[in-house]
Every structure is written in C-alpha cells, then in structure tokens.
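K.L.:
Residue 3 is where the sequence shown starts when you use the numbering used here, and the numbers rise one by one after that.
Note that beta-carbon positions come from the ideal geometry of N, C-alpha and C, so glycine has one too.
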Amino acid sequence: MKPRSIVSILDLSTEEINNLMDVADDIEKNPEKYQEKCRHKILSTIFFEPSTRTRLSFESAMLSLGGSVISTADSKSSSAAKGESVADTVKVISNYADIIAMRHPKEGAPVVAAMKATVPVINAGDGGHFHPTQTLADLLTIRRTKGTLSGLTIGLCGDLMFGRTVHSLIEAMLRYPGNNYILISPNELRLPEYMREELAKSGAVWEETTSLEYAIPKLDILYMTRVQKERFFNEEDYVRLKDTYILDEEKLRSAKTDLAILHPLPRVNEISVSVDEDPRAKYFYQTLCGKQMRMALIMMLLGIQ
Ligand code: NCD
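#1: Given 8 Å as the limit, is there contact between the stretch 7-22 and the stretch 169-177, that is, 3 or more CB pairs closer than that?
#2: Where do the N-terminal and C-terminal ends of the alpha helix (DSSP H) with residue 211 fall, by residue?
#3: Assign residue 147 to one of three DSSP states: helix, strand, or coil.
#4: Regarding residue 53 and ligand 1, is the C-beta to nearest heavy atom distance less than 7 Å?
#5: Can the beta-carbon of residue 201 be found less than 8 Å from the beta-carbon of residue 163?
#6: Are there three or more Cβ pairs, one per stretch, closer than 8 Å when the stretch 93-110 is compared with the stretch 17-33?
#7: How should residue 284 be labelled, buried or exposed, when 16 other C-beta atoms within 10 angstroms of its C-beta is the threshold for buried?
#8: Do residue 60 and residue 47 come within 8 Å of each other at the CB atom, strictly closer than that value?
#9: Looking at residue 159 and residue 227, is the spacing between their C-beta atoms short of 8 Å?
#10: Return helix, strand or coil for residue 65, following the three-state DSSP convention.
#11: Could you check the C-alpha separation between residue 151 and residue 8 for me, to the nearest Å?
#12: Determine the extent of the beta strand (DSSP E) in which residue 73 is found, giving its start and end residues.
#13: If we require 3 or more residues per run, which beta strand (DSSP E) segments fall completely within the stretch 186-266?
#14: Mind checking who residue 183 pairs with in its DSSP beta bridge?
#15: Does the beta carbon of residue 136 fall short of 7 Å from some heavy atom of ligand 1?
#16: Do residue 130 and residue 230 have their beta-carbon atoms positioned less than 8 Å apart in this structure?
#17: According to DSSP, which residues form a beta bridge with residue 104?
#18: Beta carbon of residue 221, beta carbon of residue 264: below 8 Å?
#19: Relative to the C-alpha of residue 215, which candidate in 303, 239, 146, 252 has its C-alpha closest?
#20: In whole angstroms, give me the CA-to-CA distance for residue 195 and residue 126.
#21: For residue 174, which residues does DSSP report across the bridge?
#22: Closer than 8 Å is the cut-off here; do at least three beta carbon pairs connect the stretch 270-279 with the stretch 240-251?
#23: Output the boundary residues of the alpha helix (DSSP H) element that contains residue 16.
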C-alpha cells in the first residue's frame, strides 16, 4: 500500500489537524513521554533550497522522539547537482529512511516525490506554492495565543503572491468558521488568482488593501511575511518592493492589545527589532510550536501512538 504523504495542508482533515495540536500540547506538558517514540526510525531531510529553521526543526523533532536523521543540507552537495531526478532520489532514499521531509524550488516536486517514494514524504516547501508544516506551526501558535481558530480577523501582509506559507495558512483557516481576512500587499504582490477564487468560493469575508495602517486596528492576528527575493525575475523589482511594509512600535499603537504578531521567519526588514520585546510578538514562540507539530506529524505518519 502507498504510504501516506503530506503535500498540501488539505491532505490532513480538520479532525487530524486538531488531533495533532492536542498531541503537541501533550508534548509540551510531558516531553519525556515522547523521547523514545521513534527509536530506530530514520528521518531523511532533503532540501534543494536554503533553509535553517524548517530543516533543523524537522531534525530536532525527530531527535526529540529518539529517532535518527540523515540529511543533505543543500542541493549543490547532493546528486541533484549531477542531474538526478526527484523520482530517482526519493526511490533511493526510501531504502535508507522511514520518512522523508523535502524542500524543492519547483512547485509540484513533492507530488512526484510522494508518488515515487515507498515511505511517507512531507512537503517542507515547494517553490511559491505550499508549506503545510509551517501552517501547522501557525495554527498551534494561533490556538495557544488566542484560544481559538474561529471568529478571528487575520491580516496577511507582504508578499502574498510568492509567500507559500500564506497560501497554506489561508487554506487551513478557511476550514474554521467565521474568520475574516484582510490581504495587505503591494498590487504587484497580490494573492494569486487561484487563491482569491478559493476565498471567494468559501463565502468568507475578505478584502484587499495596500495599507497596513488601515488594517492594523481591526486585526486579531497579523501575519507578516518577507518579500521572496528568490522568486523574482528582476532584481530591480525586488529592491523596489522589499521594504514596502515595516512593522514598528509606532504602527502598533493603533493595534489591539491582544493582537498576535506572527511571521514564518526569516525576517529581513519587515518587523523592526524593537517589536521583539512587545508581548504581542509571537514569531519566535512560533518556531517552538513548529517543532512540536512536526513531532506530532512524524508520529502520525509513522503510525506511532
Ligand atoms: C518560509 C519559507 O521557507 O517559505 N520560511 C520557513 O520555512 N520558516 C518563509 C520565507 O522563507 O520567507
């Protein structure tokens, strides 16, 4: 039987996502209960694009479960540099590891990997498309800080065109009722049309604006993103757009006192360092939530209770 892989956040049911969050909460309370769960299991991380936190988060998650990790840190040192296909790479790695986390610059590469691998594949980011495990981190951060995933006004700000974390987060939040969306971006970096259509079909209340100042007072969640330099064809466009939004204490004056500020990281300039001390800043805490959700997901895909 084909093993279960996670390419998109929609590959998980709402019930499964809720269960994963419950497991992550239990990991937070009783980490020792989990430290041998993946003993003798091997995770392979294959990343064909730069990453610090996602790869290390997966590896730290597996090590905290008592498992082991084998890894290719970058595509230049792997056989992809010799021209090997994704299909061949994952067929080989299926003989070495029990589960694979893969990042690839081409949208859809994890679909091919999931078809060809004989072990579960987790998409750790494919081009400007999706990033389901970042979304699991985001959902847990929201649930823990707001106590709910419903009835929230969520502002998504920055590069909504290429920001794959935004696409996966919207798909997930649409599953929870009563959320409103304010999409804050320059015109050139609007949410892709296929995602806007999903919003329109869902019946959710949503609007687009170029003004962060306009949106801020209305928000329960502000999800800041980096302008995705690596997806631009033209350096000039990147330079022109990169600092469109910079969140600072001044802008936060009109925000709710219980706003939660999220960012998938890495941050470039979009959040001033002075905001880090604000109790509303949750983006470093978000990385801890990510590790715990990846632990829960690895166990689920390996069929470990
Ligand atoms: C994000 C990504 O890779 O899409 N980073 C991450 O995984 N935490 C966001 C980004 O690179 O801007």
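P.N.:
In brief:
#1: yes
#2: Your numbering for residue 211 matches position 209 in the sequence shown. Unbroken run through residue 211 is the beta strand (DSSP E), 207-211; no alpha helix (DSSP H).
#3: Mapped onto the sequence shown, residue 147 falls at position 145. Of the three classes helix, strand and coil, the one that applies to residue 147 here is helix, per DSSP.
#4: The residue labelled residue 53 in the question sits at position 51 within the sequence shown. Indeed, a heavy atom of ligand 1 lies less than 7 Å from the Cβ.
#5: Numbered from its first residue, the sequence shown carries residue 201 at position 199. Numbered from its first residue, the sequence shown carries residue 163 at position 161. Result no, Cβ atoms of residue 201 and residue 163 do not sit closer than 8 Å.
#6: Below 8 Å, too few C-beta pairs join the stretch 93-110 and the stretch 17-33 to call them touching: fewer than three.
#7: Mapped onto the sequence shown, residue 284 falls at position 282. With 16 or more Cβ atoms within 10 Å of its Cβ, residue 284 is classed as buried.
#8: Counted from its first residue, the sequence shown places residue 47 at position 45. Counted from its first residue, the sequence shown places residue 60 at position 58. In this structure, residue 60 lies closer than 8 Å to residue 47 by Cβ.
#9: The residue you call residue 227 lines up with position 225 of the sequence shown. The residue you call residue 159 lines up with position 157 of the sequence shown. The answer is yes: Cβ separation under 8 Å.
#10: Reading the sequence shown from its first residue, position 63 is the one you call residue 65. Correct three-state label for residue 65: helix.
#11: Your numbering for residue 151 matches position 149 in the sequence shown. Your numbering for residue 8 matches position 6 in the sequence shown. Rounded to the nearest angstrom, the two C-alpha atoms are 21 Å apart.
#12: By one-based count along the sequence shown, residue 73 stands at place 71. First-last of the beta strand (DSSP E) with residue 73: 70-74.
#13: 207-211, 223-226, 262-264
#14: Along the sequence shown, one-based indexing puts residue 183 at 181. DSSP lists 156, 208 as partners of residue 183.
#15: Along the sequence shown, one-based indexing puts residue 136 at 134. Residue 136 Cβ: within cutoff of ligand 1.
#16: Walking along the sequence shown from the start, residue 230 turns up at place 228. Walking along the sequence shown from the start, residue 130 turns up at place 128. Yes; because the gap between Cβ atoms is below 8 Å, this pair is in contact.
#17: Here residue 104 refers to the residue found at position 102 of the sequence shown. Bridge partners of residue 104: 48, 125.
#18: Translated into positions along the sequence shown, residue 221 becomes position 219. Translated into positions along the sequence shown, residue 264 becomes position 262. Cβ atoms of residue 221 and residue 264: not closer than 8 Å.
#19: In the sequence shown, the residue the question calls residue 215 occupies position 213. When each option's Cα is compared against that of residue 215, the closest is 252.
#20: For this step, residue 195 is matched to residue 193 along the sequence shown. For this step, residue 126 is matched to residue 124 along the sequence shown. Residue 195 and residue 126: Cα-Cα distance of roughly 23 Å.
#21: As a first step, residue 174 must be located in the sequence shown, where it is residue number 172. Residue 174 is not bridged to any residue.
#22: yes
#23: Here the question's residue 16 lines up with position 14 in the sequence shown. Taken as a continuous stretch (DSSP letters only), the alpha helix (DSSP H) holding residue 16 covers 16-31.
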